[in-house]
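Reading through the structure tokens given below for one structure.
There are 2 protein chains.
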Amino acid sequence: MLIRIRLLEGVLSLELSPRNCEILRTVVHSYIKKAYPVGSRTLTKDFDLGLSPASIRNIMADLEEMGYLVQPHTSAGRIPTEKGYKFYVDGLLKENQWEAGDPNLEEVYQRLRLEDVRELLHETSRFLSVFSHYTGLVLCPNFSRMILNQIRFVPIRKRHIMAIYISDDGMLYNRIIETDDDLSWSELDKIALYLNSRFSGMSLQDIKNRLMSEIEEDKKLYNRLMLRAVQLARESMDIPGEGEVYLEGASNILDTPEFAIAEKMKMIFKAFDEKYNMVQILERFIDSAGVKVSIGSDNSFLGIEDCSLVVSTYKRGNQTLGILGIIGPTRMEYSKVIPVVDYTAKMLSKYLEEI
Amino acid sequence: MLIRIRLLEGVLSLELSPRNCEILRTVVHSYIKKAYPVGSRTLTKDFDLGLSPASIRNIMADLEEMGYLVQPHTSAGRIPTEKGYKFYVDGLLKENQWEAGDPNLEEVYQRLRLEDVRELLHETSRFLSVFSHYTGLVLCPNFSRMILNQIRFVPIRKRHIMAIYISDDGMLYNRIIETDDDLSWSELDKIALYLNSRFSGMSLQDIKNRLMSEIEEDKKLYNRLMLRAVQLARESMDIPGEGEVYLEGASNILDTPEFAIAEKMKMIFKAFDEKYNMVQILERFIDSAGVKVSIGSDNSFLGIEDCSLVVSTYKRGNQTLGILGIIGPTRMEYSKVIPVVDYTAKMLSKYLEEI
DNA sequence: ATTAGCACTCTATCGCTGAGAGTGCTAATA
DNA sequence: TATTAGCACTCTCAGCGATAGAGTGCTAAT
């Protein structure tokens with residue numbers, strides 16, 4: 530009989546009756562706060578749910594059977610499974626309200642007046658870390674994805690030129706290249722002019738492909754300077770396409786009891802050291818909109834478990850530029866972190882828009 | 530009698546007879562390898578010193594009295610004090626021989642052909658971390674100390690200019706500044722020309738001071754463009770003078786048993802997060818020559834203990850540019866690390882020379 | 001001066017025990 | 001029929017004592 534009802538509920542409201550939802554949410558909430566397995570008695574004492582411990586026990590047993598909770602051992606309280614966390618977070622994401630509170634990123638931006646996008650992003654990751662109390666992450670816009678607005682060449686010293694790529698969204702990349710001969714300032718100007726006329730508005734990746742594919746056409750280029758231009762462009766664009774990632778407040782993560790075990794700390798920091806992997810993990814979110822939460826084994830990067838990511842994308846106009854967010858323990862204060870990440874992503878996008 | 534002799538030795542060879550030196554060195558050596566307090570019996574077994582445990586015990590008791598060794602508790606072996614480590618390291622520094630072995634930084638440099646000094650330094654800190662198995666550090670040349678070779682201005686977009694400072698030693702710094710009006714390329718050229726003629730060869734700090742002190746003379750400047758030049762220079766140089774520091778392989782330090790305690794790990798990483806402090810610690814070594822070792826409480830930065838620094842300076846010609854080295858546990862393999870740091874500093878200096 | 005012998009000290013480890021928290025089941029209740 | 005009180009059971013964790021092991025310092029012998 531009981532089983533029939535459960536099945537019915539499963540069809541009606543994704544397995545869970547409103548009351549069970551309530552209990553599940555409360556359990557997760559309590560565990561996030563206290564970091565201790567929550568038992569039926571404690572729950573009734575702390576939350577006043579209008580139910581006796583015995584009833585809670587029954588419900589919890591059901592929730593365990595459905596895979597939302599587990600017991601670390603018989604005769605211990607329950608802790609959420611990943612499925613449990615996901616359910617909890619889904620609820621939060623729906624009512625993702627941001628109460629204009631302390632963290633004021635706009636003020637930070639105003640104060641710093643950062644014209645350099647990279648500094649801006651670095652500062653943003655610091656902001657995330659400080660206000661989430663976890664580790665802040667910002668993935669810089671992918672170089673090869675960026676849309677070229679202009680290219681400039683500046684002679685630096687004998688046989689060395691600085692190539693400056695200016696993207697549509699104000700991002701700058703510069704590169705020193707060595708050349709065989711010295712080019713005059715005005716020659717460089719002409720070269721830049723030529724390249725801009727050809728490539729402005731294209732993504733660096735496309736430009737690169739174009740440049741590579743027309744290698745054999747070089748000889749046909751009537752003008753020596755243009756030949757030189759193509760060569761310069763090729764050289765200066767020969768850059769590893771890896772994204773940069775800013776990671777701030779790594780040690781924040783150590784304040785959580787989960788990571789009070791030396792072995793786990795080591796894992797985490799080994800993973801943080803490998804920025805390359807971090808980039809890959811983050812890049813998976815580049816196409817999603819709004820705040821995303823990736824819990825536990827979803828991001829089993831280098832064997833780090835018990836970690837979650839809360840990320841969002843930042844953009845300029847329609848174009849998504851990169852990812853930002855925080856990384857923290859799976860048992861994380863999502864209800865505080867999600868709004869912070871959401872707010873930060875929006876403010877950053879807004880600020881980038883204004884540039 | 531014993532006391533008299535000891536005093537005599539103290540005068541003759543800094544407290545320690547050759548035999549005692551030998552034993553002390555062996556104890557430190559053994560402790561560094563094994564990470565366990567070394568007892569008299571173990572020592573004779575592992576090293577064959579031609580003495581019985583009992584004799585070793587006597588000597589060790591003397592060394593303890595002199596402050597070179599301590600016992601964690603009665604009936605445990607001895608471990609070196611800071612004084613003990615210092616004695617050991619002093620011996621190493623004298624015979625600081627570098628055997629051309631595996632680590633080949635020249636090859637790294639050749640392969641990467643890094644024209645950007647910052648990338649070069651970043652790569653160097655990675656090298657240090659990999660070959661020392663501890664945490665690599667490189668302090669970038671101090672901005673305000675750098676000698677200006679040239680300044681360039683490049684228009685980036687409406688009302689935004691990039692100021693590029695090129696130092697005598699090939700270091701580049703660039704800064705985006707916002708201006709009230711748009712300046713043409715040729716105007717910017719003239720401005721740069723003017724500033725270069727006035728300031729080339731001076732340190733940025735001096736230039737800054739000069740610019741500030743002559744504020745009231747602005748009106749006397751006959752030429753509008755020159756007035757503009759001074760303004761631009763002032764704005765673009767308004768930069769915090771903080772040094773940058775590259776820190777790589779932080780997690781390496783966690784492999785040492787000393788830091789297998791969660792509490793200590795936390796301390797370390799909190800300290801690493803505060804790069805500002807790291808800069809200050811490192812800058813103390815800017816005027817010293819050759820490899821320096823700073824042990825334990827000498828660098829009580831933010832309460833981190835049990836850590837040592839092995840650093841050296843890198844330079845270009847006569848001018849010291851910055852500091853590099855490694856940070857690791859006080860119980861560190863100095864005999865391996867010191868040569869690595871020495872080698873790295875020399876190779877980096879050599880490479881910078883060639884640029 | 002060096003060493004063998006011996007009593008002593010301190011730590012780390014293991015197994016044990018009891019308190020505490022929590023569960024599941026059953027029977028009673030509204 | 002859903003909920004609850006009662007009870008026996010389970011598991012963890014902190015504290016305790018005993019033991020083995022490593023090392024010391026002292027004394028007497030070489």
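Chains Y and P, in that order, are what the protein sequence lines are.
For the first sequence, the working numbering gives the first residue as 530, with consecutive numbering after it.
For the second sequence, the working numbering gives the first residue as 530, with consecutive numbering after it.
Using N, Cα and C, we set each Cβ at its ideal position, and we do this for glycine too.
For the alpha helix (DSSP H) that contains residue i, what are its first and last residues?
i, result
"P/R586", "P582 to E594"
"P/E803", "From DSSP, P/E803 is part of no alpha helix (DSSP H); its letter is neither H nor E."
"P/R727", "W714 to F728"
"P/V567", "Where P/V567 is concerned, there is no enclosing alpha helix (DSSP H), given that its DSSP letter is neither H nor E."
"P/T873", "Y863 to E883"
"P/L756", "R753 to S765"
According to DSSP, is residue i helix, strand or coil?
i, result
"Y/M691", "strand"
"P/F682", "strand"
"P/Q600", "coil"
"P/L572", "helix"
"P/I790", "coil"
"P/R813", "coil"
"P/R642", "coil"
"Y/L537", "Residue placement at Y/L537 cannot be trusted, given a pLDDT of 38 that sits under 50; what the coordinates show is reported in the next sentence. Residue state, collapsed to three classes: helix."
"Y/I797", "helix"
"Y/G613", "helix"
"Y/S742", "helix"
"P/S546", "coil"
"P/S696", "strand"
"P/L578", "coil"
"Y/I532", "Residue confidence for Y/I532 is low, a pLDDT of 38 falling below 50, so the modelled location carries little weight; the figure read from the coordinates is stated next. Three-state result, Y/I532: helix."
"Y/S559", "helix"
"Y/T785", "coil"
"Y/N828", "helix"
Residue i bridges to which residues according to DSSP?
i, result
"P/E707", "P/H689"
"P/P858", "P/C836"
"Y/Q848", "Y/R845"
"P/I608", "P/V599"
"P/T664", "P/I856"
"Y/I676", "Y/S732"
"Y/L621", "DSSP lists no partner for Y/L621."
"Y/L701", "Y/I695"
What residue does the beta strand (DSSP E) around residue i start on, and which one ends it?
i, result
"P/Y775", "V774 to E777"
"P/S823", "K821 to I824"
With respect to 6 angstroms, is the separation between the Cβ of residue i and the closest non-hydrogen atom of the ligand HEM below this value?
i, result
"P/Y872", "In the structure on display, the ligand HEM does not appear, and there are no ligands present to speak of."
The segment 570-580 of chain P contacting the segment 873-883 of chain P, beta-carbon criterion three pairs below 8 angstroms = no
Is the segment 816-825 of chain P touching the segment 604-620 of chain P, taking contact as three or more C-beta pairs under 8 angstroms?
-> yes
Indicate whether the contact test is met: 3 or more Cβ pairs, each with one atom in the segment 786-804 of chain Y and one in the segment 770-780 of chain P, closer than 8 angstroms.
-> yes
Is the segment 643-652 of chain P in contact with the segment 757-768 of chain P, if contact means three or more CB pairs nearer than 8 angstroms?
-> no
So, do the segment 668-680 of chain Y and the segment 721-738 of chain Y have three or more beta carbon pairs nearer to each other than 8 angstroms?
-> yes
Give a yes or no on contact between the segment 685-692 of chain Y and the segment 711-720 of chain Y, applying the rule of three or more CB pairs nearer than 8 angstroms.
-> yes
Counting Cβ pairs, one atom from each stretch, are 3 or more of them under 8 angstroms apart for the segment 633-641 of chain Y and the segment 852-860 of chain Y?
-> no
Is the segment 834-847 of chain Y touching the segment 801-821 of chain Y in the sense that three or more CB pairs, one from each, lie closer than 8 angstroms?
-> yes
Should the segment 587-600 of chain Y be called in touch with the segment 551-571 of chain Y, which here means at least 3 C-beta pairs below 8 angstroms?
-> yes
Flag this pair as touching only if the segment 657-665 of chain P and the segment 580-594 of chain P have three or more C-beta atom pairs under 8 angstroms; answer yes or no.
-> no
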